[in-house]
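> Order-wise, the sequence lines are chains A and B. When we follow our numbering, the leftmost residue of the first sequence carries the number -6, and every step to the right adds one. When we follow our numbering, the leftmost residue of the second sequence carries the number -6, and every step to the right adds one.
2 protein chains.
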Amino acid sequence: MDAHATRARATLAAVAERAGVSRSTASLAFSGAGPVAPETRDRVLEAARTLGYGGPDPVARSLRRGRTGIVGVVIEDRLREAFRDPMNIPMLDGLADELGTAGLSILLLTDPTTAGSDPGVPAVIETAPMDAVVLVGCSTRLDASVALLRRRRIPIAAIEAEPMEGVLDIALDNRRASALGAARMHELGHRDIAVVTLPLGPEHSAGALAEDWEARATSFPAAERLRGVLDVYDTLRGWMAPASSIASGYTAGLSILADPQHRPTAVIAQSDLLALGVIRAADELGLMVPADLSVLGFDGIRTEGYGGVELTTLVQPAIEKGRAAGRGVLRLLAGEPAPPVLLRCTLRPGQTVGPPAA
Amino acid sequence: MDAHATRARATLAAVAERAGVSRSTASLAFSGAGPVAPETRDRVLEAARTLGYGGPDPVARSLRRGRTGIVGVVIEDRLREAFRDPMNIPMLDGLADELGTAGLSILLLTDPTTAGSDPGVPAVIETAPMDAVVLVGCSTRLDASVALLRRRRIPIAAIEAEPMEGVLDIALDNRRASALGAARMHELGHRDIAVVTLPLGPEHSAGALAEDWEARATSFPAAERLRGVLDVYDTLRGWMAPASSIASGYTAGLSILADPQHRPTAVIAQSDLLALGVIRAADELGLMVPADLSVLGFDGIRTEGYGGVELTTLVQPAIEKGRAAGRGVLRLLAGEPAPPVLLRCTLRPGQTVGPPAA
DNA sequence: TTGCAGGGTCGAATCGATTCGATCGAATCG
DNA sequence: CGATTCGATCGAATCGATTCGACCCTGCAA
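In C-alpha cells, the structure reads:
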C-alpha cells in the first residue's frame, strides 16, 4: 500500500508541483496556518500520498522557525550511573511531564568532560540542536560548555548546581536540611558521629575523607550536605563512597564500624541507598539499629523494595525538581523572566534514629 | 569577559565579513574540512570571539549535511514506568554506549498513543528531527507512526517487538526461554502451576487472565513468554499484574496463594520484580520457598539490593539488547545491511525452585 | 455603481550553514 | 623553462521548508 517508492525522498516543492499549486500553498495545507480551500488541501494531500511524502522535514522547519522542540538534559557520568540514583528517575519524569505538555522532548546528553574526549573535537553538548538545556548534578567542569551555550543564546537551567551567572538555578536546601538532620542527632545526645558522603570529586574513589576535601570538591550537593553537618558538628569522621549504592554504603559501614573501641553512635549518610548499606553492615556486625547505632538517610526513597526498613531520612521533592526546571525552561523560552527556585527537604521520622546507648 | 554582546545572534556570514574572508573559508576554519592557512584561521576565530559567535548553528548544519546526530528512542508509557523496569536501564546504557562512540545522542520519546493525544496534531515522533529510531517494548499501536517514519526513509530498529516489514528486529527468545523454564518445572514434578504475567494489554489492570487474552494482547514479550509456558503446560492459572513491580507481584501472590485448598506448587513470574513480590506474599502466608512453593523469575536482575534472595530466573542479556540495537542502527545509517538479531536467555539456578512437596 | 473586506493563492525572501568546482599564485619536477 | 601539482581561497548552488506582502477575485454594503 506504500505507493510508488520513488528514488529520492520527496520534498514539499515536488508535492506542490504535482498538485499544481505553489510551495507556499502546499506548506499552508500541511501546517494549517492560513486559509486554504478544502479542495486544494485535498489535492495537496493526495499528491503527497502519491509521491510518498512523509510531511515537512523537521530540520528544515526548525531552521526556518528557529525552534527545534528539543531540550537537552545533561547528566553527569554515564547513563547507567545516573539511572542508578533513584532520585534521577522521578526528576526526569517531572521534567518530561512539564516539557511534554509543551511539545518538547528530551535529548539525553552526558557530561563530555568525563568521557575520554579530544579537546579538539567539540563535545556533543556544544553541537546538538536544542532550544534549551537543563544541567543536572553537573559540576563546574562544564563551565566552558556553559559559556558556549550562553553565546548561542540558549537558555540554561541547572538543578542543584553551584549558582552561575545567567543560569536559572533550581536549588535544594541541601545544607540547611543536613544541618537540620544533624541538629536532631545532636539533640538526641549523639556526640560521636560519622558521615558517609556521596562522591565529592570526579575520581569516585572510596576512603576516609581527606583534610582538603572542600578545595577538591566538584559535586555541589555533596559538599553542601557535608557543610550542613559541619554547621552542627565541628569534628566528625568522614568517609567518601564511590557511588550512591547499597554496596558502597555497606563497604563504608564496615570500615566505619569495624573497630568496636572507636565506634560512632550515629551515621549520617548522604543518600538513602548509602544508609541502607550502612544498616546492612551494622546488621552484620551484630549492631541493632537504632539501639546501638542511629542511621540517618537522605532522599526519601520508597524503601519497601529494599527490605522494608523504615528509614529516618531527609525527604527531597524529586519530581518537583524536574517540574520546576521544566517550568523555568518554558518561561525562558517564552521570553519571560524565570525566578530561581529553592526547594526544601523535610525530615521524615522512621525507625533508624534514636538516642545513643547509655 | 563575554565580549560585545551584540543584539542579534552572530552568523557565520558576519564572522566571515569581519575577518575579511569568504563564507566558505570561514566555514572551513571551523569545520577543519579542507586546507586553511593557520593565520587565516586565527583571524576567523578572533573575529568569532569579538562577535560572540558560538560556532555553526547545529540546525543549519544538519539541514545541509542531512544528519542530525540524533537517534530517537521510543519508550512505551511514561518515563517513570519505563525506568521502573530494571531491564530498561542497562538496555539504554548499552544503546547510549554504542551510539555515543559514533557521536549520536538519544532523544527520549514516549509512545504518543498512550497520552491523550489529538489525532489532528501530529505526534512528536513524527515531527522530531532524527536520523534513526529505536522502538523499545512498543506495541503495534505504533503502526501508523512507523509507516510515516518509513516514508521519511528513517531507519528503524525495534527491540522485542512483533517483527515488522522494514524494521530491524532485535529479538529475545522469550518464548523458548519461558518454555525452557516451564520444562524445568515440569521435570521437577510440578503439575499445578500459576503464571504471573506482565501487563498484556494497554489497560494495565490486575486480575485473573481472561480467556481471550491472546486476541487482546498488545505486549509482544509478555504474550510470547506466556505462550512459552503454554507450550509445556496446557492448563494453568494466569494472573495479570498491572506493572512490573514488587508490589504488583505481592498482590498477585496473595491472590494466587490465598486459598490453601487450591494452591499451585509453583509460580512462574514474567519478571524478577514480580517473582520477588510473590515470594514476599508466600513469606507472609507462612510458605517456605522453595519447599512449599517454587518461584521462577525472568530478567536476571541483581537481587542483592532487594533482600538478598537468590532467585532462580531466566537471565536476559539486557545491555546486549541495547548494544545490538545501537550497532544495527549504525549499520543502517551507514547504508550497510543490518541482519536481525536474536538474543538468548539462560536459566540461572538460584534458591527459589525445587521439587514440589510430597 | 463603487468601495471595501477578506478568503485564497502566489512569488520571493529568508533561516544559517556546507560543499562543489573554479581560480590563482607558488612551488616542484623533469 | 614549461608543465604540473598543490595549497589557499572564493562564488554560487543547495539543503527544505516558512512566511511576509502583494495580488486577484468574489460578495456585500453603501
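Even glycine gets a Cβ: it sits at the ideal position worked out from N, Cα and C.
Any contact of the segment 31 to 45 of chain B with the segment 92 to 107 of chain B, i.e. 3+ C-beta pairs under 8 Å?
The segment 31 to 45 of chain B, when compared against the segment 92 to 107 of chain B, does not touch it at the 8 Å Cβ threshold.
> Does residue 265/B get closer than 9 Å to chain A when you measure Cβ to Cβ?
Residue 265/B does not count as touching chain A.
> Could you compute how far the alpha carbon of residue 206/B sits from the alpha carbon of residue 229/B?
Distance between the alpha carbons of residue 206/B and residue 229/B: 13 Å.
> Classify residue 169/A as helix, strand or coil using the three-state DSSP reduction.
If DSSP states are grouped into helix, strand and coil, residue 169/A belongs with the helices.
> Helix, strand or coil, according to DSSP, for residue 65/A in the structure here?
It is a strand residue.
> Look at the Cβ atom of residue 288/A, then the Cβ atom of residue 271/A, and state whether they are nearer than 9 Å.
Taking 9 Å as the Cβ cut-off, residue 288/A and residue 271/A qualify as a contacting pair.
> In the DSSP assignment, find the unbroken beta strand (DSSP E) run with residue 233/A in it and report its ends.
From DSSP, the beta strand (DSSP E) with residue 233/A extends over 230 to 233.
> Could you confirm whether any beta carbon from chain B is found closer than 9 Å to the beta carbon of residue 104/A?
Cβ-Cβ to chain B under 9 Å: no for residue 104/A.
> Quick check: the segment 50 to 68 of chain B against the segment 113 to 133 of chain A, are at least 3 beta-carbon pairs closer than 8 Å?
The segment 113 to 133 of chain A is in contact with the segment 50 to 68 of chain B.
> Specify, as a first and last residue, the run of the beta strand (DSSP E) that residue 137/B falls within.
Unbroken run through residue 137/B is the alpha helix (DSSP H), 136 to 144; no beta strand (DSSP E).
> Please list the terminal residues of the continuous beta strand (DSSP E) segment that includes residue 103/A.
That run of the beta strand (DSSP E) goes 98 to 103.
> Taking Cβ-Cβ distances shorter than 7 Å, what residues in chain B pair up with residue 278/A?
Those do not exist, as residue 278/A stays about 17 Å from chain B at its closest Cβ, beyond 7 Å.
> Going by the beta-carbon positions, is the gap between residue 117/A and residue 55/B smaller than 9 Å?
Result no, Cβ atoms of residue 117/A and residue 55/B do not sit closer than 9 Å.
> Let me make sure I understand the geometry here. Which of 182/B, 232/B, 322/B and 296/B has the alpha-carbon closest to that of residue 266/B?
Selected option, being the one with the closest Cα: 296/B.
> Taking only the alpha-carbon atoms, compute the straight-line gap between residue -1/A and residue 45/A and give it to the nearest angstrom.
Annotation note: pLDDT 49 at residue -1/A (below 50); position unreliable, no value reported.
> Rank 177/A, 195/A and 312/A by C-alpha distance to the C-alpha of residue 133/A and give the top, closest one.
It is 195/A.
> Using 9 Å as the threshold, is the C-beta distance between residue 318/B and residue 152/B below it?
Contact: yes.
> Under 9 Å between the Cβ atoms of residue 162/A and residue 150/A?
The answer is yes: Cβ separation under 9 Å.
> Is residue 188/A near residue 260/A, with beta carbons less than 9 Å apart?
Yes, they are a contact pair.
> Does residue 35/B have its Cβ less than 9 Å from a Cβ in chain A?
No, residue 35/B does not count as interfacial toward chain A.
> For residue 55/A, which residues in chain B fall below 9 Å Cβ to Cβ?
Near residue 55/A (Cβ distances below 9 Å), the residues of chain B are 52, 55, 56 and 122.
> Let me make sure I understand the geometry here. Which of 24/A, 6/A and 286/A has the alpha-carbon closest to that of residue 40/A?
Residue 6/A is the option with its Cα nearest to residue 40/A.
> Based on the DSSP secondary-structure assignment, which residues constitute the bridge partners of residue 292/A?
Answer is 308/A.
> For residue 339/A, count neighbouring C-beta atoms within 10 Å of its own C-beta (all shown protein chains included) and say buried if the count is 16 or more, exposed if not.
That one is exposed.
> Could you pull out every unbroken alpha helix (DSSP H) segment of at least 4 residues lying fully inside the segment 22 to 46 of chain A, listed in chain order?
Counting only runs of 4 or more, we get 31 to 44.
> Specify the secondary structure class of residue 120/A as computed by DSSP and reduced to three states.
Of the three classes helix, strand and coil, the one that applies to residue 120/A here is helix, per DSSP.
> Figure out for me which residue from 76/B, 100/B, 37/B and 26/B has the closest Cα to the Cα of residue 67/B.
Selected option, being the one with the closest Cα: 100/B.
> Quick one: which chain A residues come within Cβ less than 8 Å of residue 83/B?
Within chain A, the residues near residue 83/B are 73.
> Would you say residue 252/B and residue 175/B are within 9 Å of each other, going by their C-beta atoms?
Not in contact: residue 252/B and residue 175/B (Cβ atoms no closer than 9 Å).
> Considering only C-alpha positions, which residue in the set 292/A, 13/A, 325/A and 331/A is nearest to residue 165/A?
When each option's Cα is compared against that of residue 165/A, the closest is 292/A.
> Assign residue 147/B to one of three DSSP states: helix, strand, or coil.
Residue 147/B falls in the coil class under three-state DSSP.
> Would you mind telling me which residues of chain B sit closer than 7 Å to residue 98/A, beta carbon to beta carbon, in chain order?
The answer, in chain order, is 100, 101, 102, 117 and 121.
> To which residues of the same chain is residue 343/A closer than 6 Å at the C-beta, ignoring the five residues directly before and after it?
For residue 343/A, where only same-chain residues beyond five positions count, the Cβ hits under 6 Å are 303, 304 and 305.
> Is the Cβ-Cβ distance between residue 86/B and residue 312/B less than 9 Å?
Yes, they are a contact pair.
> For residue 48/B, which option in 144/A, 50/A and 57/A has the closest C-alpha, if you only look at C-alpha atoms?
Closest option to residue 48/B, Cα to Cα, is 144/A.
> Should residue 347/A be labelled buried (16 or more other beta-carbon atoms within 10 Å of its own) or exposed?
So residue 347/A counts as buried.
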